[in-house]
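Undergrad: Start counting the sequence shown at 100; every next residue gets the next number (this note's numbering). Backbone N, C-alpha and C fix where the C-beta goes; we use that ideal spot for every residue, glycine too. Please find one structure pasted underneath; my questions will follow.
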Amino acid sequence: MAIPSLENKLVVAIASRALFDFEEENRVFESGDAAGYMRLQLERLELPAKPGIAFSLIRKLLAFNDTSAQHVEVVVLSRNDPVSGMRVFRSAKEAGIPLQRGVFTQGRSPFGYLRPLKATLFLSANADDVRGALSAGFPAAHVLTESVRASANYPNEVRIAFDGDAVLFSDEAERVFQAEGLEAFQQHELAHAAQPLPGGPFKPLLAALHRLQQAGDAQMRIRTALVTARSAPAHERAIRTLMDWKIQVDEAMFLGGLDKSEFLREFEPDFFFDDQTGHVKRASLHVPSGHVAAGIANVVS
């Protein structure tokens with residue numbers, strides 16, 4: 100029998116609190132009562148958990164699979180104990196989410212398992228685990244569990260919105276802005292318009308989504324948006340970079356510092372990724388949001 104492989108798949112590693120609403124149970128754990136937490140999860144074993152912030156994203160991505168091809172793999176990667184893991188699997192089955200694999204580390208940081216999983220994305224409600232994953236070179240985001248749930252208006256589209264600098268692109272230009280201000284940033288980007296930006300932490304995910312879209316599916320499609328504080332003339336370098344990567348986004352919003360949240364509310368993504376905590380918190384009032392703790396904006400002085 101051939102050994103199963105995760106090669107050439109879009110692999111999402113997700114913590115249980117990102118997939119399901121375990122906030123009530125987590126408050127017991129955070130109080131220091133780990134045994135009480137395990138007991139509560141066992142008592143609720145037959146009670147399916149409610150959908151969490153990333154549930155819509157995961158459900159839609161898995162819809163790209165069929166009997167002829169498995170393009171997407173979702174693996175639960177959690178600090179939970181194995182007993183709590185039983186409830187995760189049962190909740191997934193009840194919700195129609197086909198989960199086969201899970202790693203439960205009972206309090207230990209799990210991000211080291213991203214490499215053997217060949218993860219394309221890691222979503223977690225634990226900020227430290229996300230930082231560790233990003234440092235190890237994996238696209239990762241801290242899921243804001245207080246976010247609004249995804250809209251049900253686009254059942255046949257996976258809709259994902261990305262910030263640009265320090266998310267899809269490197270933080271090269273952001274460093275100029277932080278050090279020298281807006282005018283210097285605009286001049287720098289105008290002078291380097293023909294030079295593609297280096298890839299940021301989420302370039303591999305955007306590339307994987309592009310490949311998934313190219314594979315084609317009659318029932319589901321992917322719609323992506325670049326939502327950035329850049330404005331003209333700094334927009335040109337971002338567009339040329341995507342052209343150089345041979346990757347297209349469906350929508351691009353160059354907002355020149357305007358509040359992104361109103362635009363995200365109109366786009367209605369299943370998830371939004373940004374490196375700026377202020378942007379993420381405002382966006383979370385309207386859409387599922389995750390903080391990408393990468394780049395100069397997240398350097399602790």
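Could you tell me the distance, in whole angstroms, from the CA atom of ALA265 to the CA atom of ASN397?
TA: What you label residue 265 is simply residue 166 of the sequence shown in a count that begins at 1. What you label residue 397 is simply residue 298 of the sequence shown in a count that begins at 1. In this model, ALA265 and ASN397 are separated by some 10 Å (Cα to Cα).
Undergrad: Tell me the DSSP secondary structure of MET352 in three-state form.
TA: Position 253 of the sequence shown, counted from the first residue, corresponds to residue 352. Strand.
Undergrad: Quick one: give me the first and last residue of the alpha helix (DSSP H) that ALA191 is part of.
TA: By 1-based counting over the sequence shown, the position of residue 191 is 92. 181 to 194 is the span of the alpha helix (DSSP H), which, as asked, contains ALA191.
Undergrad: For the 8 Å Cβ check, are there 3 or more pairs between the region 192 to 208 and the region 347 to 367?
TA: no
Undergrad: So if DSSP puts HIS390 in a beta bridge, which residue, or which two residues, is it bridged to?
TA: Locating residue 390 in the sequence shown gives position 291, where the first residue counts as 1. Partner(s): HIS241 and ASP373.
Undergrad: DSSP on SER223, reduced to helix/strand/coil?
TA: Counting from one through the sequence shown, the residue named residue 223 turns up at place 124. In the structure shown, SER223 sits in a strand (DSSP, three-state: E or B).
Undergrad: Please give the ranges of any alpha helix (DSSP H) in the region 263 to 320, keeping only runs that are unbroken, at least 4 residues long and fully inside the region.
TA: 271 to 279, 281 to 290 and 302 to 314
Undergrad: For SER269 and ILE395, I'd like the C-alpha separation in whole angstroms.
TA: Taking the first residue of the sequence shown as position 1, residue 269 is located at position 170. Taking the first residue of the sequence shown as position 1, residue 395 is located at position 296. For SER269 and ILE395, the distance between alpha carbons rounds to 10 Å.
Undergrad: Please name the residue or residues paired with LEU176 in a DSSP beta bridge.
TA: Residue numbering aside, residue 176 sits at position 77 when the sequence shown is read from its first letter. Beta-bridge pairing links LEU176 to VAL202.
Undergrad: Compare the beta carbon distance of PRO150 and ASP180 with 8 Å and say whether it is the shorter of the two.
TA: As a working note, residue 150 is residue 51 in the sequence shown. As a working note, residue 180 is residue 81 in the sequence shown. No, the Cβ-Cβ distance between PRO150 and ASP180 is not below 8 Å.
Undergrad: Could you name the residues of the same chain whose beta carbon sits closer than 7 Å to that of GLU124, not counting the 5 residues immediately before and after it, in chain order?
TA: Start at 1 with the first residue of the sequence shown, and residue 124 comes out as number 25. TYR136, LEU139 and GLN140.
Undergrad: Flag this pair as yes or no: are the beta carbons of LYS382 and PHE371 separated by less than 8 Å?
TA: Residue numbering aside, residue 382 sits at position 283 when the sequence shown is read from its first letter. Residue numbering aside, residue 371 sits at position 272 when the sequence shown is read from its first letter. Position check: residue 382 holds Ala in this sequence, whereas Lys was assumed. Yes, the Cβ-Cβ distance between ALA382 and PHE371 is below 8 Å.
Undergrad: For ALA249, count the other beta carbons within 10 Å of its own beta carbon; 16 or more makes it buried, fewer makes it exposed. Which is it?
TA: On the sequence shown, residue 249 is found 150 positions in, with the first residue counted as 1. Result: buried.
Undergrad: Okay, do the region 334 to 344 and the region 282 to 294 touch, 3+ Cβ pairs below 8 Å being the bar?
TA: Here the region 334 to 344 makes contact with the region 282 to 294; the two share three or more CB pairs at distances below 8 Å.
Undergrad: Which residue wins for smallest C-alpha separation from HIS334, given the options GLU145, VAL127 and ALA351?
TA: For the purposes of this step, residue 334 is taken as residue 235 along the sequence shown, with counting starting at 1. The shortest C-alpha separation from HIS334 is found at ALA351.
Undergrad: Give the DSSP-derived three-state secondary structure of GLU367 in the structure shown.
TA: Numbered from its first residue, the sequence shown carries residue 367 at position 268. Correct three-state label for GLU367: coil.
Undergrad: Quick one: what does DSSP say THR323 is sitting in, helix, strand or coil?
TA: For this step, residue 323 is matched to residue 224 along the sequence shown. Three-state DSSP puts THR323 in a strand.
Undergrad: For the region 210 to 223 against the region 183 to 195, do three or more pairs of beta-carbon atoms, one drawn from each stretch, fall closer than 8 Å, so that the two count as touching?
TA: no
Undergrad: Nearest by alpha-carbon distance to ILE321: which of VAL127, PRO368 and GLU256 is it?
TA: Start at 1 with the first residue of the sequence shown, and residue 321 comes out as number 222. Nearest C-alpha to ILE321: GLU256.
Undergrad: Out of curiosity, what's the CA-to-CA distance linking ASP343 and PRO103?
TA: Numbered from 1 along the sequence shown, position 244 holds the residue referred to as residue 343. Numbered from 1 along the sequence shown, position 4 holds the residue referred to as residue 103. For ASP343 and PRO103, the gap between their C-alpha atoms comes out near 34 Å.
Undergrad: Excluding the five sequence neighbours on either side, which residues of its own chain have a C-beta within less than 7 Å of the C-beta of ALA235, listed in chain order?
TA: Start at 1 with the first residue of the sequence shown, and residue 235 comes out as number 136. Answer for ALA235: PHE210 and LEU213, listed in chain order.
Undergrad: For LYS159, count neighbouring Cβ atoms within 10 angstroms of its own Cβ and tell me buried if that reaches 16, exposed if not.
TA: What you label residue 159 is simply residue 60 of the sequence shown in a count that begins at 1. Flag for LYS159 reads buried.
Undergrad: Give a yes or no on whether the C-beta atoms belonging to PHE163 and LEU118 are separated by under 8 Å.
TA: Taking the sequence shown and counting its residues from 1, one reaches residue 163 at position 64. Taking the sequence shown and counting its residues from 1, one reaches residue 118 at position 19. Cβ distance not < 8 Å, so PHE163 and LEU118 don't count as in contact.
Undergrad: What are the boundary residues of the alpha helix (DSSP H) that ARG138 is part of?
TA: Position 39 of the sequence shown holds residue 138. Taken as a continuous stretch (DSSP letters only), the alpha helix (DSSP H) holding ARG138 covers 133 to 142.
Undergrad: Using the three-state DSSP reduction, which class does VAL442 fall into: helix, strand or coil?
TA: The question about residue 442 has no answer, for the chain in this structure spans 100 to 400.
Undergrad: Which two residues bound the contiguous beta strand (DSSP E) that contains VAL257?
TA: Along the sequence shown, read from residue 1 onward, the residue named residue 257 stands at position 158. Taken as a continuous stretch (DSSP letters only), the beta strand (DSSP E) holding VAL257 covers 256 to 261.
Undergrad: How is the alpha helix (DSSP H) around LEU160 delimited, first residue to last?
TA: Numbered from 1 along the sequence shown, position 61 holds the residue referred to as residue 160. LEU160 -> alpha helix (DSSP H) spans 154 to 161.
Undergrad: Per DSSP, ILE338 is paired with what?
TA: Here residue 338 is taken as the residue at index 239 of the sequence shown, counted from 1. Answer is none; ILE338 lacks a bridge partner.
Undergrad: Given that a residue counts as buried once 16 or more other Cβ atoms are within 10 Å of its Cβ, and exposed if not, what is LEU289?
TA: Reading the sequence shown from its first residue, position 190 is the one you call residue 289. Counting Cβ neighbours within 10 Å, LEU289 comes out exposed, since fewer than 16 surround it.
Undergrad: Closest by CA to ALA324, which one among GLU279, GLN312, ARG258 and LEU311?
TA: Walking along the sequence shown from the start, residue 324 turns up at place 225. ALA324 has its Cα closest to that of ARG258, out of GLU279, GLN312, ARG258 and LEU311.
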